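Read the structure below first, then the notes.
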Amino acid sequence: MADQITQPSSLSAEDVHAMLLANEDILVVDVRRTDFEGICIKGAVNLPAQSFLATLPALLPILSLHKVVLFHCGSSRGRGPRVAGWYQDALNEHNITVSRAAVLIGGINAWQERYAGDRLTLRLPEPAEQPASVKEAISIDTPQPSATNNA
């Protein structure tokens, strides 16, 4: 299934914004990995392209609960359309017609240009604002084992 057959449909930032405001059944999937920074669309899930194909069998039953699954990366010229194609191919292969893949035209860059200050746009913490580790983030104090001499 790695060879993409299906060309997914495309939606503009304006179309997606209107669908989200109208509470239409759309799931936004951000496929960025190391470049997942700056902003994201409120409610989007981050499923990096690098691991998407391997996890698609497990994701298909979950993603296909949504009428439209919208994929994007930074510009939606590479990863976004590729992952959307994989998803649409999987839908077609399993005869699932209640869901469809779409790509955000221009990716998060186009969204940011149009909706940077909008309530549907979330600013992500800068790397310096993110905790160095989970332990630091939740401040777990674990007891240290005491040194005992069992001789």
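Counting from 0, one number per residue, gives the positions in the sequence shown under numbering that gives the first Met the number 0.
By construction, the Cβ of each residue, glycine as well, lies at the ideal position given by its N, Cα and C atoms.
Since this is a predicted model, take the numbers as computed values, not measurements.
| Item | Value |
| --- | --- |
| Put residue 29 into one of helix, strand or coil per three-state DSSP. | strand |
| So what's residue 19 in DSSP terms, helix, strand or just coil? | helix |
| Could you give the DSSP three-state label for residue 82: helix, strand or coil? | helix |
| Am I right that residue 89 and residue 67 are in contact with their C-beta atoms under 8 Å? What's the rounded C-beta distance? | Not a contact, Cβ separation roughly 15 Å. |
| Quick check on residue 97: buried or exposed, where buried means 16 or more other Cβ atoms within 10 Å of its Cβ? | exposed |
| Name the DSSP bridge partner or partners of residue 38? | 122 |
| What does the Cβ neighbour count give for residue 105, buried or exposed, with the cut at 16 atoms within 10 Å? | buried |
| Assuming residue 103 and residue 110 are in contact, meaning their beta carbons sit under 8 Å apart, how far apart are those beta carbons, in whole angstroms? | 7 Å |
| Of the choices 28, 60, 10, 78, whose alpha-carbon is the least far from that of residue 93? | 60 |
| For residue 69, tell me which candidate among 33, 56, 85 has the shortest Cα-Cα distance. | 85 |
| Taking the straight line between their C-alpha atoms, what separation do you get for residue 78 and residue 115? | 22 Å |
| For residue 11, which residues from the same chain have a beta carbon less than 7 Å from its beta carbon, with the 5 sequence-adjacent residues on both sides left out? | 104 |
| Between residue 28 and residue 38, what straight-line distance do the alpha-carbon atoms span, to the nearest angstrom? | 13 Å |
| Name the DSSP bridge partner or partners of residue 99? | 67 |
| When the distance is taken between beta carbons, is residue 32 closer than 7 Å to residue 49? | yes |
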